[in-house]
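Visitor: Following this message is one structure expressed as structure tokens.
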Amino acid sequence: MILLELDNVNLSFDGIKVIRELNFKICENQIVGIVGATESGKTTLFDIICGVYNPTSGKIIFEGQDITNMSIEKLNQLGIARTFQNGNVFQNLTVANNIRVGFYNSLSYNILDVLARRDTFFQQEKYLTERVDELLEIFELVDLKDQLARNIPYDLQCKLDIARAIATSPKLLLLDRPTNGMTNSQAEKFMNIIEMVNRKFKTAIAIIENDINLILNICNEISVMEYGTIIATGEPIEIKNNQALLSICFGE
Amino acid sequence: MEKKFFSFKIFFFVVALYVVLLSAISFGLINSYWAGILNITLINIILVVSLNLATGFLGQLTLAHSGFMAIGAYASIAVTKFLSMKGYFEFPLALICAGLLSMTLAFFISIPAMKIAGNHLVIITLAVNEIIRNLIINLNIGNGSSGLRGIAHYSNFTIVFVITILIIAVIYLLLNSKYGLAIVCIPQNEMLAKSCSINTFYYKLAAFSLTAFFAGIAGGLYAHEITVIEPNMFDYSYSLELLAMVIIGGLGSIEGSIISAIVLTILPYLFSFAFDLRIIIYLAGMIAVMMYMPNGLFSQYKTFISNLTSMLKEKKLLNLKR
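Protein chains in written order, with the numbering used here: chain Y, 995 to 1246; chain L, 44 to 365.
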């Protein structure tokens, strides 16, 4: 079943077209890779999907609902979560609190519950702590629980970033170059985590990557972007073997 | 989080503090001059803690705090003059009106202002502060620049103390919930906060308005404590002084704000024997804090003691072997 569909989406800033006639779709439980040269509009595509920019024309459909002009916060509530390019965590919060922020939307108590110390407040906070511990366990961050996020190694920060995004219980997770700045062995390990997230939480994942070899094994489908539009979509191995296509993108 | 209504330790400490101070005042251990300073100190605690909510936790550097205080002061005077009833009835009403009026104004100012970040917001709020003061002077509100005299002295120690504790408690409880978490993460990475469903614009409006609400109440208390007010008391230098207290106490630390408000309010009075020297001492202390503890006496993530030891270790003044 199709989860997200972009139909003929255009985006221009002051007449300069950034995204042109883009059609794109993601099915449930799939991992979709997006590759392309730098400045080809991969991150802008994510920005359009998650509501940072609203498209100039075209339609975005998520689970049969038109989400074209919604804000980031609203889209997150509907089930689209994303990570940003350079390992974004809340630097001055502890690891546990970083994940806690992700659960913000699942807490439904109001200000009066807090000030009057009602039971709902304590119940929800207790439930939240359990959920946070659960996620810490899954992502193997339990030992670092009380460390400040800025003090933990970079690859663990990236892991924390994904854990936080998963805490918002998304149906679609957009990963913007999650392995940016990692060594090869770290990046390969990281791919296993992404696969695990996909299997365990039943989330569809779209992942931007510059190195096609890295995502070859975990993706169901790979799209190639160039000049603000998707020029090819296909099985990973198909794309990999299409030398003409890759030479357009990467000049190999 | 454990279920508890409030911490009994803190509750008993507060009650004990109240009893000790009140009996000291009523038995004359603290004379009426110092009792007045005590009230001013408590009012400054309200102002500094509430300013820390906007500046320290939310990262919005504002300089309009004394302007909102002025609105609160004039509004509460207007209410008490207009009603002219028994003090215990009209004073709470006047304080609430004062808070609400300055909150409303802050709300409308913050809609355009909160779209602007960082240094520009400082200029805007500074302008707001001066506009409020000049409006009071030029529209001749409350005798214009010559000010008002003979305001009823309603702010006794009990009222000021209870309101201060209430306001600190409200801010503390809010900060220890999802609202606090949201407020703390907005200045660190606004886009990331948005992508966790946190409506950052709403939070900025709410925190700024709440800050102004408390400032208005503090203004009402202040007017009825010193009983003589004029618009020039509420110029930007008072806002700057409050901001200095927030920064010295530590951005994002309530206990730091309380302690720096107490110290920095009482210090000028303590050194009043050395009139010229006191400003030098005051400023030298400020520079020392800025140099050696740039995060303030109590930073958000460290206590005063660990702050001090790490500072000394860095300067190789303390040789601790592990």
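Where is the CB? At the ideal position from N, CA and C, for every residue including glycine.
Count the other C-beta atoms from every protein chain shown that fall within 10 angstroms of the C-beta of Y/T1173, then say buried if there are 16 or more, exposed otherwise.
Guide: So Y/T1173 ends up on the buried side.
Visitor: Run through DSSP, which three-state label would Y/A1075 get?
Guide: Y/A1075 falls in the strand class under three-state DSSP.
Visitor: Secondary structure at L/A317, three-state DSSP: helix, strand or coil?
Guide: It is coil, neither helix nor strand.
Visitor: Suppose the cutoff is 8 Å on Cβ atoms and the five residues either side in sequence are ignored; what does the same chain contact list for L/I83 look like?
Guide: Hits under 8 Å: Y265, E268, I269, T308.
Visitor: For L/T243, is the classification buried or exposed, using 16 other Cβ atoms within 10 angstroms of its Cβ as the cut-off for buried?
Guide: With 16 or more Cβ atoms within 10 Å of its Cβ, L/T243 is classed as buried.
Visitor: Taking Cβ to Cβ, would you say Y/V1095 is nearer than 9 Å to L/A236?
Guide: Taking 9 Å as the Cβ cut-off, Y/V1095 and L/A236 qualify as a contacting pair.
Visitor: Looking at chain Y, which residues of the region 267-279 of chain L have a Cβ within less than 7 Å of any of its Cβ atoms?
Guide: The residues in question: there are none.
Visitor: Relative to the C-alpha of Y/F1184, which candidate in Y/I1202, Y/C1152, Y/F1244 has its C-alpha closest?
Guide: Checking every option, the nearest Cα to that of Y/F1184 belongs to Y/C1152.
Visitor: Going by Cα to Cα distance, which pick from L/A255, L/S188, L/P230, L/W77 is closest to L/P311?
Guide: For the residues L/A255, L/S188, L/P230, L/W77, the minimum Cα distance to L/P311 belongs to L/W77.
Visitor: Give me, in chain order, the residues of the same chain whose beta-carbon lies closer than 7 Å to that of Y/M995; leave out the 5 immediate sequence neighbours on both sides.
Guide: Counting only Cβ-Cβ distances below 7 Å, and skipping sequence neighbours, we find C1021, E1022.
Visitor: Just checking L/M288 against the ligand PLP - is the residue's beta carbon closer than 8 Å to any of the ligand's heavy atoms?
Guide: In the structure shown, the ligand PLP is absent, as is every other ligand, since no ligand is present at all.
Visitor: For L/F251 and L/I88, what's the separation of their Cα atoms in angstroms?
Guide: Cα-Cα distance, rounded: 17 Å.
Visitor: Count the other C-beta atoms from every protein chain shown that fall within 10 angstroms of the C-beta of L/P337, then say buried if there are 16 or more, exposed otherwise.
Guide: Under this definition L/P337 is an exposed residue.
Visitor: What separation, rounded to the nearest whole angstrom, lies between the Cα atoms of Y/Q1071 and Y/L1154?
Guide: Distance between the alpha carbons of Y/Q1071 and Y/L1154: 20 Å.
Visitor: Straight-line CA distance for Y/Y1047 to L/A225?
Guide: The straight-line gap from Cα to Cα measures roughly 23 Å.
Visitor: Going by DSSP, what residue range makes up the beta strand (DSSP E) through Y/R1014?
Guide: From DSSP, the beta strand (DSSP E) with Y/R1014 extends over 1010-1021.
Visitor: So what does DSSP say about Y/A1200, is it helix, strand or coil?
Guide: Residue state, collapsed to three classes: strand.
Visitor: I need the DSSP call for L/K129, collapsed to helix, strand or coil.
Guide: Three-state result, L/K129: coil.
Visitor: Under a CB-based cut-off of 9 Å, is Y/A1250 close to chain L?
Guide: Shown here, chain Y extends from 995 to 1246; a query on residue 1250 of chain Y therefore has no answer.
Visitor: Within 10 Å of its beta-carbon, does L/Y222 have 16 or more other beta-carbons around it, so buried, or fewer, so exposed?
Guide: Burial call: buried.
Visitor: Listing by chain order, which chain Y residues have their CB less than 8 Å from the CB of L/V213?
Guide: Correct list: L1109.
Visitor: Checking the sheet assignment: what are the DSSP bridge partners for Y/L1142?
Guide: Bridge partners of Y/L1142: Y/T1088.
Visitor: Let me know the alpha helix (DSSP H) ranges lying completely inside the region 175-222 of chain L, each 4 residues or longer, listed in chain order.
Guide: If we require 4 residues or more, the alpha helix (DSSP H) runs fully inside the region 175-222 of chain L come out as 200-218.
Visitor: List the residues of chain Y whose Cβ lies closer than 9 Å to the Cβ of L/N232, in chain order.
Guide: Result: F1078, N1082, V1083, F1084, Q1085.
Visitor: Can you give the Cα-Cα distance for L/S189 and L/D278, rounded to whole angstroms?
Guide: Cα to Cα, the separation comes out at about 15 Å.
Visitor: List the residues of chain L whose Cβ lies closer than 9 Å to the Cβ of Y/C1044, in chain order.
Guide: By Cβ distance, chain L contributes S238.
Visitor: Against chain Y, with Cβ distances strictly below 9 Å, would L/S50 count as a contact?
Guide: Judged by the 9 Å Cβ criterion, L/S50 is not in contact with chain Y.
Visitor: Indicate the three-state DSSP secondary structure (helix, strand or coil) for Y/L1005 in the structure shown.
Guide: DSSP places Y/L1005 in strand when its eight states are reduced to three.
Visitor: In or out: Y/K1165 buried (at least 16 other Cβ within 10 Å) or exposed?
Guide: The residue is buried, with at least 16 neighbouring Cβ atoms inside 10 Å.
Visitor: Quick one, are the C-beta atoms of L/L148 and L/L106 less than 9 Å apart?
Guide: Not in contact: L/L148 and L/L106 (Cβ atoms no closer than 9 Å).
Visitor: Can you name, in chain order, every residue of its own chain whose Cβ lies under 8 Å from the Cβ of Y/S1034, other than the five neighbours on each side?
Guide: Answer for Y/S1034: M1219, E1220, Y1221, G1222, C1243, listed in chain order.
Visitor: Rounded to a whole number of angstroms, what is the C-alpha to C-alpha distance between L/L285 and Y/E1189?
Guide: Rounded to whole angstroms, L/L285 to Y/E1189 spans 52 Å at the Cα level.
Visitor: Tell me, please, whether the region 109-119 of chain L touches the region 173-192 of chain L by the rule of three or more beta-carbon pairs shorter than 8 Å.
Guide: Result yes; three or more Cβ-Cβ pairs closer than 8 Å.
Visitor: Find the residues of chain L that neighbour Y/V1191, judging by a C-beta separation of less than 8 Å, and give them in chain order.
Guide: Neighbours of Y/V1191 on chain L: none; closest Cβ ~17 Å, over 8 Å.
Visitor: Just the chain Y side, please: which residues come within less than 7 Å of L/L96 by C-beta, in chain order?
Guide: Neighbours of L/L96 on chain Y: none; closest Cβ ~14 Å, over 7 Å.
Visitor: Rounded to whole angstroms, what is the Cα-Cα separation between L/Q231 and L/F100?
Guide: Each residue's Cα considered, the two are about 10 Å apart.
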